[in-house]
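First the structure, in the form of structure tokens, and then the observations on it.
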Amino acid sequence: MSSACSPGCGPVEPSLPRPAPRGRPPLLYLWIKAFHVIAIIAWMAALLYLPRLFVYHCEAPAGSPQSETFKIMERRLLKAIMTPAMVVTWVLGLYLAYAGGWFASGWLHAKLLLVVGLSAAHGFLAGCVRRFAGDRNERPARFYRIINEVPTLLMIGIVILVIVKPF
């Protein structure tokens, strides 16, 4: 007879959850990161689309049906997509920075500065929505074409900082 036990003859061990492999973040962290990226994509899409709407809105006469349609589109984009996406981006991003222990990292400080810049651009564009809603826009379409590049430049810096982590 063999001294080895056949399966099932030894003491029953409780089934414990297996720890995540070393170096791999817990599943909750990865889910939060996924939703953070989704929120960023929605926020960036809105930050890039809203100035384009302003370009077309500038060309529509005040009070015209086209102008009124643009007002509705701008307000809905701001309130239903852009602002909620910004809030979710900030909340989940701060959680990820805390959970990952990144707050002491220089690259995160630089990234947060650029994200504050994106938030300032968001606030500026929200003010533009209010001006257009009251038929008080005084800027030409060319201004909004140029402003449209600001979120892109900030995003490039943010992505480089997050991926490369240069300092």
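In our numbering, the protein residues as written are 1423 to 1589.
Backbone N, C-alpha and C define an ideal beta-carbon position, used for all residues, glycine too.
With distances taken from CA atoms, which of Ile1494, Leu1469, Ala1526 and Gly1549 is nearest lysine 1587?
If we check each option's Cα against that of lysine 1587, Ala1526 comes out closest.
At the level of alpha carbons, what is the spacing between alanine 1507 and serine 1541?
The straight-line gap from Cα to Cα measures roughly 11 Å.
Tell me whether the beta-carbon of methionine 1504 lies closer than 8 Å to the beta-carbon of leucine 1535.
No. Outside cutoff.
Suppose the cutoff is 7 Å on Cβ atoms and the five residues either side in sequence are ignored; what does the same chain contact list for serine 1489 look like?
Counting only Cβ-Cβ distances below 7 Å, and skipping sequence neighbours, we find His1479, Ala1482 and Pro1483.
Which of helix, strand or coil does DSSP assign to proline 1573?
In this structure, proline 1573 counts as helix in the three-state DSSP scheme.
Classify valine 1584: buried if its beta carbon has 16 or more other beta carbons within 10 angstroms, exposed otherwise.
Valine 1584 should be labelled exposed.
Three-state secondary structure (DSSP) at proline 1443?
Any reading at proline 1443 is ruled out, since the residue's pLDDT is 45, under 50, leaving its predicted position unreliable.
Does the segment 1451-1464 come into contact with the segment 1512-1530, if we say contact requires no fewer than three beta-carbon pairs (one atom in each stretch) closer than 8 Å?
Touching, yes, given that three or more Cβ pairs across the two stretches are closer than 8 Å.
By the DSSP assignment, the alpha helix (DSSP H) with tryptophan 1512 in it spans what residues?
Run containing tryptophan 1512: 1505-1521, per the alpha helix (DSSP H) assignment.
What's the C-alpha gap between leucine 1452 and alanine 1555?
The straight-line gap from Cα to Cα measures roughly 40 Å.
With distance defined between alpha-carbon atoms, name the residue in Arg1474, Leu1449, Leu1450 and Ile1462 nearest to phenylalanine 1565.
The residue with the shortest Cα to Cα distance from phenylalanine 1565 is Arg1474.
For alanine 1548, which of Pro1448, Leu1449 and Ala1502 has the nearest alpha-carbon?
Comparing Cα positions, the closest option is Ala1502.
Just the C-alpha distance for threonine 1558 and phenylalanine 1492, rounded to the nearest angstrom, thanks.
Note that residue 1558 corresponds to arginine in the displayed sequence, not to threonine. Taking the straight line from one Cα to the other gives about 14 Å.
Using a Cβ-Cβ cut-off of 8 Å (strictly less than) and excluding sequence neighbours within five positions of methionine 1466, which residues of its own chain qualify?
Here the set comprises Pro1573 and Met1577.
Applying the 10 Å Cβ sphere with the 16-neighbour rule, what's the burial state of leucine 1450?
Burial call: exposed.
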